[in-house]
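In full-length UniProt numbering, the protein residues as written are 1 to 321. Cβ atoms here follow ideal geometry from the backbone N, Cα and C, with glycine treated the same way.
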Amino acid sequence: MRVYECAIIGGGIAGLQAAIQLGRYRHTVVVVDAGDGRSSLCRGYHNLLGFPEGVSGETLRRAGREQASRYGVTFIGGVATAVRREPAGGGTGGRPDGDGLFVVSLEGGAEVRALRLLIATGVKDRIPDWPELKQCLGITVFICPDCDGWETIGRRTLVLGAGDAGAELALELTPWTRDIVYVNHELKALDPAAAVRLREAGIPMIETPVAKLLADEGRLRGVRLADGTELQAERAFLGFGGNEVRSSLAAMLGARLASSRHIEVDPRTKLTSVPHVWAAGDVTVHSEQTAIAMGDGLQAAIWMHKSLTLREPLPLAPRGS
């Protein structure tokens, strides 16, 4: 069975940027992509250099795949379910390595083997399954205030969320707008201090679940609550908390995780606490920005290349980084 020099688990922004760079180094590279990451959902990134009108995650992903393919990168659609390390055996397209190789198991039984591993599996946001939501994400409904707080200027904004997570998000939006209503969709109790801060900021809170998002072709008009009340709005943010950090594969290899379950990496090399295992993007401890994910992927690729060519030990992620 073929042994690749580099395997990347995750075909989002960080994974694709790493694949492009590794391909340009003329390494043999395979990307395992489940196709369900954050970038596959977002219809508009608005804070990226060179895209003043915004760019969709799908556009970035498609362009990244096409670019990486020019350099011979292989793409496999599927979900990685497990990873293990075993003694190296070489193989077509690979070369023996005294430190062994990684075997990635996919749903359905297929396996991928590689000398170096990059985990770029990201974070899965906990969001409702409202049918109208997907068409609005990144256009009029958002998740990240750092990315898209600007979009609320001069527009009535709803924060749809749960307990303290939604309250904190509503407060984060106040530099851009004060026309905010917080809908505590899950009816979770608020910390008394958070409730006081909402009142002081003049943000009303409604404790009634959302029954339906009102939208036309990605343009939010408001929401209908479970009691039939309709709230008009042009923008909404989701603040439910409890996002899933997809670090289970790293944990299988013994990589050190932060208390948040994000993977700890060396800030320069993106190497984890496990030799020859890197991590990049939102699955690591960083600001969860698209531009930063690109940089993470590029940095990881540079040091994966160095480890393959220099054959010198690299510093692992420091404890508590």
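| Query | Result |
| --- | --- |
| May I have the straight-line CA-CA distance separating residue 96 from residue 46, to the nearest angstrom? | With a pLDDT of 43 at residue 96, under the threshold of 50, the predicted position of this residue should be treated as unreliable, though the coordinate-derived value follows. If I take the Cα positions, the gap works out to 45 angstroms. |
| Are residue 225 and residue 245 touching if we call contact CB-CB under 9 angstroms? | no |
| Would you be able to state if there are at least three C-beta pairs under 8 angstroms between the segment 229-246 and the segment 149-162? | yes |
| Whole beta strand (DSSP E) runs in the segment 111-148 with 3 or more residues, listed along the chain? | 111-119 |
| Is it right to say residue 303 is buried, meaning 16 or more other beta carbons lie within 10 angstroms of its own, or is it exposed? | buried |
| So what does DSSP say about residue 246, is it helix, strand or coil? | coil |
| Which residues bound the beta strand (DSSP E) around residue 33? | 29-33 |
| Taking the beta carbon of residue 216 as the centre, do at least 16 other beta carbons fall within 10 Å, making it buried, or is it exposed? | exposed |
| Roughly how many angstroms separate the alpha carbons of residue 10 and residue 61, rounded to a whole number? | 11 angstroms |
| CA-CA distance, residue 301 and residue 19? | 8 angstroms |
| Suppose the cutoff is 8 angstroms on Cβ atoms and the five residues either side in sequence are ignored; what does the same chain contact list for residue 252 look like? | 82, 83 and 84 |
| At 3 residues or longer, and completely inside the segment 175-245: list those beta strand (DSSP E) runs for me, N to C. | 180-184, 210-216, 219-225, 230-232 and 235-239 |
| By DSSP, does residue 96 sit in helix, in strand, or in coil? | Low confidence applies to residue 96: its pLDDT is 43, below 50, so where it sits in the model is not reliable enough to give any reading. |
| For residue 69, write down the residues that DSSP places opposite it in a beta bridge. | BP columns for residue 69 are empty, so no partner. |
| Considering just the uninterrupted stretch of the beta strand (DSSP E) at residue 272, what are its terminal residues? | Run containing residue 272: none; DSSP gives neither H nor E here. |
| State the beta-bridge partners of residue 106 as determined by DSSP. | 80 |
| For residue 29, which of 113, 106, 137 and 52 has the nearest alpha-carbon? | 113 |
| Against chain D, does residue 39 count as a neighbour if the rule is that its beta carbon must be under 9 angstroms from one of theirs? | The structure shown contains no chain D, having only a single protein chain. |
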